[in-house]
C-alpha cells in the first residue's frame, strides 16, 4: 500500500471520527437547549442526567470491564491473533475473583494482603491461564481462531455458573459483604462534576493509567513495534531475527492479563458473581471488540468508545428512574445496544492488521 494511499485513508478516518464527535456534541447541545426551553420536559431531565456527577461516576465504573477487554483485544489482534473470546475471559475472571475471596474469607488477610485483592489477582491469573490455552491451540496447533475464541466463551459461560451451583447451590454466588470500595483524593474529589474522577473504585484509576500506558507500549517501545509487525508483516519480523510465535504468545497472554483485570473488577466492585442468563458480563466482551474496532486499534480511541457505551448504559439506568413518562423500560434499555449496532455499521473504515487471523511458521513462505 503506497504512502499516499495510507495518508488518504488516515485523513478519511480522522474526518469520519471528527464528524461523529461533532454529531455527538451537536446532540448534547440540542438536548441542553430543549431542556432550557422546556424546563418541565423529559429533555430537562435528560440534560440533568447527562450533567450529573453520579452519571459520570457510574459511566466510569461501567467502562472498566469494557475498556480493559478492549485493550486486551488490541494487543492480541495487533499481534496477529483474533481473540473473540474476551467475553469468556471476563466471565472466568469475574467468577474466580469472587470464589477465591469467599474461600479465603472476605475479612481475612494473608501476608498483609486482604482477601479481596487475593481474589482480584486470582481472577487475573485464571484469565491468563485461559488465554494461554487459547494461544497454544491457535499458535501451536493452528486452530481456527474464531472457533477457538467461541469455545473459550462457551466454556466459561457454562463452567462459571456450574461451579457456582456446585459450591453455592445456585448460579449466583453469595454476596461477599464487602467490595473494592472507593479511593478518594482529598480536595480534588470536591470539584463539581469532574470530582467523580477522584472519588472512584480503584479499578477506575487502574483504567485511567492503563489506557495511556497501553498507547505508549504499542507506539513507543520495541515490544510494541514487534507486536505491530507480527500482525502486519510477520515475515519481516522473522527476517530480522525476532521469534514471531513468541511475540504472538506475549500478545495473547497480555490480552488475558488486561481482560482479567476488567472481569475481576466487575464482580468485586459488586461483591458478587451473577450467573443468570449471559452472566453479569452480559455481552461486555463483545462490546469491547466493537470499541477497539471503532477506535481503530488505538487504546485512546477504544477507551473513548468504551466510555460512550458505558455512558449510555448509565443514562438508560437513570432514565428508568424518571417518573411521569410513558416510555417503556424495555425500550430505554435498548439504547446502548442500538448504539452498538449503529457503530458496527460504521466501522467499515477500520483497517484490520494485514496478517490478523493468519497462521505463521518460521521459514514458511506460503503466506
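In full-length UniProt numbering, the protein residues as written are 1 to 367.
Even for Gly, the Cβ is constructed at its ideal location relative to N, Cα and C.
Source: prediction; values computed, not measured.
Beta-carbon within less than 7 Å of residue 229's beta-carbon, same chain only, minus the 5 sequence neighbours each way: which residues are those? These residues qualify, in order along the chain: 236 and 237.
Beta carbon of residue 155 nearer than 8 Å to that of residue 82: No, these two residues do not count as a Cβ contact at 8 Å.
Kindly confirm or deny that the stretch 45-55 and the stretch 107-121 touch, where touching means at least three C-beta pairs closer than 8 Å. Counting C-beta pairs closer than 8 Å gives fewer than three between the stretch 45-55 and the stretch 107-121, which falls short of the contact rule.
Contact the stretch 303-314 vs the stretch 119-132: 3+ CB pairs below 8 Å: With the cut-off at 8 Å, the stretch 303-314 and the stretch 119-132 do not touch.
Look up residue 190 in the DSSP assignment and say whether it is helix, strand or coil. DSSP places residue 190 in helix when its eight states are reduced to three.
Name the DSSP beta bridge partners of residue 114, please? Per DSSP, 109.
Suppose you measure from the CA of residue 260 to the CA of residue 76; what does that come to, to the nearest Å? Across the structure, residue 260 and residue 76 are spaced so that their CA atoms are roughly 14 Å apart.
Distance, residue 234 Cα to residue 143 Cα: Looking at the two C-alpha atoms, the distance is approximately 18 Å.
Under the assumption that residue 62 contacts residue 313 (Cβ atoms under 8 Å), give the Cβ distance between them as a whole number of angstroms. Correct: roughly 5 Å between the Cβ atoms.
Do residue 80 and residue 225 count as a contact pair if the criterion is CB distance below 8 Å? Judged by their CB atoms, residue 225 and residue 80 are not nearer to each other than the 8 Å cut-off.
Under 8 Å, with one C-beta from each stretch per pair, do the stretch 190-205 and the stretch 271-286 reach the 3-pair mark? Verdict: no, contact absent.
One question on the structure: do residue 231 and residue 94 come within less than 8 Å of each other, judged by their Cβ atoms? No, the Cβ-Cβ distance between residue 231 and residue 94 is not below 8 Å.
Using the Cα positions of residue 252 and residue 302, report the straight-line distance between them to the nearest angstrom. A straight line joining the alpha-carbon of residue 252 with that of residue 302 spans about 18 Å.
Inside the stretch 237-296 only - alpha helix (DSSP H) runs reaching at least 4 residues: Whole alpha helix (DSSP H) segments, 4+ residues: 244-270 and 284-294.
Taking only heavy atoms of the ligand FAD into account, decide whether any of them is closer than 7 Å to the Cβ of residue 270. This structure simply doesn't include the ligand FAD, nor any ligand for that matter.
Close-in-space but distant-in-sequence residues of the same chain around residue 267 (CB under 6 Å, 5 per side omitted): Take residue 267, set aside five residues on each side of it, and the residues of its chain with a beta-carbon closer than 6 Å to its own are 94, 97, 98 and 273, in chain order.
Given this structure, state the Cα-to-Cα distance separating residue 265 from residue 65, to the nearest angstrom. Taking the straight line from one Cα to the other gives about 7 Å.
What residue ranges within the stretch 53-81 form continuous alpha helix (DSSP H) runs of no fewer than 4 residues, ordered along the chain? Note on the stretch 53-81: whole alpha helix (DSSP H) runs with a minimum of 4 residues are 53-78, in chain order.
Residue 73 to residue 255, Cα distance in whole Å? Looking at the backbone, the Cα of residue 73 and that of residue 255 are separated by about 6 Å.
Using beta-carbon positions only, say whether residue 275 and residue 164 come within less than 8 Å of one another. For residue 275 and residue 164, yes; Cβs fall inside 8 Å.
What residue range does the alpha helix (DSSP H) around residue 101 cover? First-last of the alpha helix (DSSP H) with residue 101: 86-104.
Going by DSSP, what residue range makes up the alpha helix (DSSP H) through residue 156? For residue 156, the enclosing alpha helix (DSSP H) stretches over residues 145-168.
When the Cα of residue 119 is compared with those of 354, 180 and 217, which residue comes out closest? Of the candidates 354, 180 and 217, 180 places its Cα closest to the Cα of residue 119.
Neighbour-count burial assignment, residue 188, 16 or more Cβ in a 10 Å radius: The residue is exposed, with fewer than 16 neighbouring Cβ atoms inside 10 Å.
Once DSSP output is grouped into helix, strand and coil, what is the label at residue 366? For residue 366, the predicted structure reports a pLDDT of 42, less than 50, and the residue's modelled location is therefore unreliable. A value from the coordinates is still provided. Judged by DSSP in its simplified three-state form, residue 366 adopts coil rather than helix or strand.
Rank 90, 246, 168 and 350 by C-alpha distance to the C-alpha of residue 223 and give the top, closest one. Of the listed residues, the one whose Cα sits closest to residue 223 is 246.
Just confirm the distance between the C-beta atoms of residue 197 and residue 71, as a whole number of angstroms; I'd bet it's less than 8 Å. In this structure residue 197 is not in contact with residue 71, their Cβ atoms being roughly 19 Å apart against a cut-off of 8 Å.
Determine the contact status of residue 134 and residue 115, defining contact as a CB-CB distance below 8 Å. Not a contact, by the Cβ cut-off of 8 Å.
By how many angstroms is the C-alpha of residue 68 removed from the C-alpha of residue 299? Cα to Cα, residue 299 sits roughly 10 Å from residue 68.
In three-state DSSP terms, what is residue 200? Here residue 200 sits in strand by DSSP.
Once you ignore the five residues that flank residue 176 on each side, which residues in its own chain have a CB closer than 7 Å to its CB? So the list reads 98, 101, 102, 106, 271 and 272, once near-sequence residues are dropped.
Per DSSP, what kind of secondary structure is residue 339 in: helix, strand or coil? Reduced to three states, the DSSP call for residue 339 is helix.
In whole angstroms, what is the alpha-carbon distance linking residue 49 and residue 335? Cα to Cα, residue 49 sits roughly 15 Å from residue 335.
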